[in-house]
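Using this note's numbering, read the sequence shown as starting at 29 and increasing by one per residue.
Every residue, glycine too, gets a C-beta built ideally from N, C-alpha and C.
All remarks here apply to the structure that follows.
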Amino acid sequence: MPHVPRYEFRCRDCAQLGGAAVFEVNRPISEAGEPATCPVGHQDTVKLISALTLTGASRSSGPAPSASSGGCCGGGCGCG
């Protein structure tokens, strides 16, 4: 089964009523901008901006620099 992103939404009506206002929806990326109905049935929802988490992925192609590689406080900047 392909990975389907999870999006967080906030229900304004539930928030005003003191209920659980944040809920999650799993849907394809092509439907990311579509409105969502909260689990109680309210239509007044907004999509929240969430941090993207990638597991098993590296942002750089090489190893992380070590303290002795001349980076700041590794001796190369004069502060260490």
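Give me the DSSP bridge partner(s) of residue i.
i, result
"Val-53", "Tyr-35"
"Thr-73", "Cys-39"
Rounded C-beta distance between residue i and residue j? I'm assuming under 8 Å.
i, j, result
"Glu-36", "Val-50", "6 Å"
"Val-32", "Pro-56", "6 Å"
Figure out for me which residue from the options has the closest Cα to the Cα of residue i.
i, options, result
"Pro-30", "His-70, Asn-54, Gly-47, Gln-44", "Asn-54"
"Gln-44", "Asp-72, Leu-76, Ile-77, Ser-78", "Asp-72"
"Arg-34", "Gly-46, Gly-47, Glu-52", "Glu-52"
"Gly-47", "Ala-64, Ala-60, Ser-58, His-70", "His-70"
"Arg-40", "Ser-58, Thr-65, Ser-78", "Thr-65"
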